[in-house]
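Numbering (the UniProt record's numbering), first residue to last: 1 to 98.
Accompanying notes for the structure given below.
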């Protein structure tokens with residue numbers, strides 16, 4: 001996957017497979033928006049990644065992507081991202097190009 005210079009949004013990004021995807025994308029040169037419903041884990045993940053990578057390469061967004069109300073108002077921001085990797089509990093993990 002060629003992601004150098006691209007921006008990715010990863011759901012379920014604070015821990016587990018989602019966190020591993022974030023790490024891999026950053027190592028390959030991408031900027032990454034971490035989306036997770038767990039505020040504490042998300043902030044901790046961002047802080048740890050900021051120590052390893054440039055802070056401006058990550059953004060944490062607290063959001064439960066299964067909750068339509070939380071997504072409202074955020075969908076406009078999604079179109080700014082080139083790639084979305086979903087590792088949340090939607091049972092539809094995968095790669096989407098917008």
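A virtual CB, placed ideally from N, CA and C, is assigned to each residue, including glycine.
- request: With a threshold of 16 other CB atoms inside 10 Å of the CB of residue 121, please say whether the residue is buried or exposed.
  value: Outside the displayed span of the chain (1 to 98) sits residue 121, for which this structure offers no information.
- prompt: Counting only runs that start and end within the segment 1-63, where is the alpha helix (DSSP H) found for 4 or more residues in a row?
  reply: 16-27 and 39-52
query: Roughly how many whole angstroms lie between the Cα atoms of residue 15 and residue 48?
result: 12 Å
task: Determine the burial state of residue 66: buried for a count of at least 16 other Cβ atoms within 10 Å of its Cβ, exposed for fewer.
output: exposed
query: Exposed or buried, residue 9, counting other C-beta atoms within 10 Å across all chains shown (16 or more means buried)?
result: buried
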